Amino acid sequence: MAIVLFTDFGAQDLYVGQVKAVLAARAPRARVIDALHAAPAFDIDASAHLLAALAPRYRRGSVFLAVVDPGVGGTRDAIIVEADGRTFIGPDNGLLSVLWARARRRRCRRIVWRPAGLSASFHGRDLFAPVAAAIARRRLTRRWAVASRGPRVLLGADDRAAVIYIDHYGNAMTGLRDDRRPRSARLRVGRRRLSFARAFEDAPRNGAFWTVNSLGMVEIAANRASAARRLGLRVGRRVAWSA
Amino acid sequence: MAIVLFTDFGAQDLYVGQVKAVLAARAPRARVIDALHAAPAFDIDASAHLLAALAPRYRRGSVFLAVVDPGVGGTRDAIIVEADGRTFIGPDNGLLSVLWARARRRRCRRIVWRPAGLSASFHGRDLFAPVAAAIARRRLTRRWAVASRGPRVLLGADDRAAVIYIDHYGNAMTGLRDDRRPRSARLRVGRRRLSFARAFEDAPRNGAFWTVNSLGMVEIAANRASAARRLGLRVGRRVAWSA
Amino acid sequence: MAIVLFTDFGAQDLYVGQVKAVLAARAPRARVIDALHAAPAFDIDASAHLLAALAPRYRRGSVFLAVVDPGVGGTRDAIIVEADGRTFIGPDNGLLSVLWARARRRRCRRIVWRPAGLSASFHGRDLFAPVAAAIARRRLTRRWAVASRGPRVLLGADDRAAVIYIDHYGNAMTGLRDDRRPRSARLRVGRRRLSFARAFEDAPRNGAFWTVNSLGMVEIAANRASAARRLGLRVGRRVAWSA
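Protein chains in written order, with this note's numbering: chain C, 1 to 243; chain W, 244 to 486; chain S, 487 to 729.
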């Protein structure tokens with residue numbers, strides 16, 4: 001059983017270790033895999049699309065602890081979403097709602113358990129990690145969570161025509177899934193209209209292009225250069241298909 | 244048995260892997276958890292307070308390899324500190340002395356073992372990791388370490404009225420423990436006097452405030468913004484309670 | 487059995503997790519150690535020298551997944567190199583050729599297996615990780631790889647008189663191995679001629695110097711300061727011994 005971490009906690013920061021300490025104590029046999037700790041911190045929409053794109057790369061049966069949670073300590077709920085064989089624990093702020101909307105088989109529960117000494121700012125450690133451990137050990141009872149119709153904050157199943165993630169090479173992933181669009185199509189970002197290239201090797205040196213990345217998403221890249229810097233891209237920047 | 248790493252080696256750098264290779268070879272059954280590899284590199288005082296704040300989040304019985312060691316290769320000693328059920332291995336440069344000063348039950352030993360081929364710059368790998376592995380396997384004998392009265396460099400048990408860590412969101416943790424100070428108190432940093440907020444959601448958007456963080460420490464934060472950038476904060480910056 | 491990762495994927499990015507998911511599924515008992523995910527992305531020569539310097543710190547028997555691969559998706563081959571008891575899987579673009587040239591006992595195979603759905607940009611996940619898992623489980627057959635005389639792209643066994651890596655402290659490692667050169671020698675970088683110091687403690691505060699680092703390589707450092715920033719160093723910058 002694997003517990004997969006998808007957060008904005010920062011891989012180099014002091015939060016992930018505390019989550020892992022809880023998981024090691026409560027589910028010592030679970031394998032923990034860091035999927036990403038650099039999810040866009042204040043952009044739930046982008047993070048929700050990114051999580052939906054990334055999750056299928058992890059095996060069915062995996063338990064995801066998913067936290068991008070600028071409203072921590074406020075009134076948002078905590079939920080458990082099962083979607084096509086994977087389980088996700090996280091805030092009910094939209095983060096789990098894109099994969100929810102796209103799932104064929106799905107189920108939602110609302111977390112009612114609260115730990116003694118719940119901090120106002122670190123539910124990843126205090127609330128979500130114990131729940132993830134309980135699920136990994138198949139110990140989750142009604143004391144922990146109750147049935148729910150679904151997330152309250154719903155972002156829908158549609159693609160997102162915007163940059164949702166920029167990697168350290170400077171490649172900019174969009175929330176557009178590859179829809180078999182003709183490779184002659186142009187992707188518009190600002191005043192630029194980008195052509196397709198299959199791989200970095202096929203692209204003109206330094207020129208920006210669009211491609212389908214290894215998650216099956218439309219991505220803006222540049223050969224041996226940072227597309228994000230070259231085009232001034234940030235998470236949230238809109239893109240569109242051009243005639 | 245968990246071995247917890249607290250260093251300034253950089254999570255993205257080539258040092259942590261070498262330490263883990265030694266631990267895997269010498270204590271293959273120990274679980275290794277990265278607590279932090281971004282401890283303030285040249286500020287022992289801040290790192291000592293940060294380690295004292297962070298350690299209780301890891302289970303009793305944990306073995307900490309703690310290295311912030313700008314004087315590596317010089318004349319400082321290497322020590323083992325047991326404090327309230329946790330064991331810490333590191334340089335005798337003050338790093339372990341705050342938790343030592345605060346411990347109710349404590350014991351100190353001086354490391355006398357030296358490996359063949361000890362490098363001048365990487366005692367974390369060559370000296371501290373083998374000692375940590377020996378402790379994790381309960382194989383530490385007098386050949387390795389001898390009794391000592393305590394650390395030679397002592398920073399004391401008092402709080403530190405300064406920023407000791409800035410996380411990647413830009414929150415600035417101070418070395419002040421929550422002392423149940425009235426929530427009407429103001430925290431002074433430079434010419435600013437900050438009010439309290441319990442959680443990010445309760446704070447004015449973008450406004451800086453003080454809060455008690457998930458380690459029980461006084462922290463300067465800003466809602467959906469970097470308090471450090473907004474206020475120009477760095478590790479070492481002094482703070483004070485205001486009348 | 488350890489699988490050691492040496493890549494330019496970025497420790498904070500979303501690629502390493504996907505590789506680990508494949509390894510967890512295909513070689514669940516193997517221990518995975520992150521050696522480095524910040525190898526110089528577009529400098530194969532520097533990365534090849536860095537890998538050759540780093541590999542001996544990992545036990546014989548280790549399986550290295552080594553990926554610095556700006557030509558992914560193009561025509562370069564994929565190879566398996568065994569060198570002095572360690573096994574390396576990676577692109578045939580020179581990355582494995584320095585350790586190949588220096589090995590006393592060595593063997594090369596060419597990977598002929600291709601997965602269904604091989605992505606154009608992420609062979610680390612789709613191709614190299616399954617091969618590494620098969621080797622770790624001793625399941626590699628002729629279906630996977632065939633004998634080869636050696637890498638096609640050969641960089642040779644010689645040292646590299648240039649900066650090959652800059653760590654987060656700002657120390658600049660060169661591709662020069664310690665050749666017992668007299669400690670009175672000066673290392674020239676641009677117009678500066680640097681003197682030797684054994685350890686940071688022995689160096690003048692803030693002054694830049696050359697030393698032999700913990701991998702046995704000549705390194706440019708500065709006491710409690712970033713040598714790279716002070717001297718304006720980047721990976722690829724040439725150095726030379728001075729009379």
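For each residue, glycine too, the CB sits at the ideal point set by N, CA and C. None of these values were measured; they are calculated from a predicted model.
Bridge partners - residue i, DSSP secondary structure assignment
i        : result
Tyr165/C : Met173/C
Ala510/S : Ala510/S is not bridged to any residue.
Ala145/C : Ile111/C
Ile706/S : Ala658/S and Trp696/S
Gly333/W : Ile322/W
Ala468/W : Ala465/W
Phe682/S : Trp696/S
Ile33/C  : Val4/C
Ala66/C  : Phe6/C
Ser242/C : Arg186/C
Arg106/C : Ala83/C
Arg205/C : Asn223/C
Arg160/C : Gly175/C
Under 9 Å by beta carbon: chain S residues contacting residue i
i        : result
Ile164/C : Here the premise fails: no neighbours, minimum Cβ distance about 11 Å.
Listed by chain order, chain C residues near residue i by CB distance under 8 Å
i        : result
Ala527/S : Tyr169
Within 7 Å, strictly: CB atoms of residue i and residue j
i        : j        : result
Val98/C  : Ala41/C  : no
Ile246/W : Ala375/W : yes
Leu308/W : Phe371/W : yes
Gln18/C  : Arg125/C : yes
Pro373/W : Arg269/W : yes
Asp570/S : Arg591/S : yes
Arg593/S : Ala643/S : no
Ala726/S : Arg716/S : no
Val22/C  : His37/C  : no
Gly722/S : Asp529/S : yes
Leu673/S : Asp645/S : no
Arg624/S : Ala267/W : no
Arg109/C : Ile89/C  : no
Ile166/C : Ala228/C : yes
Val396/W : Gly337/W : yes
Where residue i meets chain S, residues with beta-carbon distance less than 8 Å
i        : result
Ala199/C : Val558, Gly559, Gly560, Ala606 and Ser607
Chain S residues whose Cβ lies nearer than 7 Å to that of residue i
i       : result
Leu54/C : Leu500
Partner residues on chain C for residue i, Cβ-Cβ distance less than 7 Å
i        : result
Ala510/S : Ala2, Arg31 and Ile33
Within chain W, the residues that residue i reaches when beta carbons sit closer than 7 Å
i        : result
Ala11/C  : Ala254
Arg710/S : Phe285 and Pro313
Neighbouring residues, chain C, relative to residue i (Cβ below 9 Å)
i        : result
Leu279/W : Gln12, Asp13, Leu14 and Gly17
Arg507/S : The amino acid occupying residue 507/S in the given sequence is Ala; Arg does not appear at that position. Near Ala507/S (Cβ distances below 9 Å), the residues of chain C are Ala2, Val4, Ile33, Ala35, Arg57, Tyr58, Arg59 and Ser62.
Arg611/S : Arg57 and Ser214
Supposed close pair residue i, residue j - CB separation, criterion 8 Å
i        : j        : result
Phe695/S : Leu719/S : About 13 Å; that fails the 8 Å criterion.
Thr330/W : Ile407/W : With 8 Å as the limit, Thr330/W and Ile407/W do not qualify as a contact, their Cβ atoms being about 23 Å apart.
Leu96/C  : Pro151/C : 6 Å
Leu260/C : Asp13/C  : Because chain C in this structure spans residues 1 to 243, residue 260/C falls outside the shown range and cannot be described.
Ala647/S : Arg724/S : 6 Å
Ala278/W : Leu248/W : 6 Å
Heavy atom of the ligand GTP within 6 Å of residue i beta-carbon
i        : result
Ala671/S : Because no ligand of any kind appears in the structure shown, any question about the ligand GTP cannot be addressed here.
Original post:
With a cut-off of 8 Å, do at least 3 Cβ pairs link the region 167–177 of chain C to the region 54–62 of chain C?
Top reply: no
>> Would the region 210–225 of chain C count as touching the region 251–261 of chain W if we require 3 or more Cβ pairs under 8 Å?
In response: no
contact_flag[the region 625–643 of chain S, the region 591–599 of chain S] where n(CB pairs < 8 Å) is 3 or more | yes
Original post:
Can we say the region 434–445 of chain W touches the region 66–81 of chain C, given the rule of at least three CB pairs closer than 8 Å?
Top reply: yes
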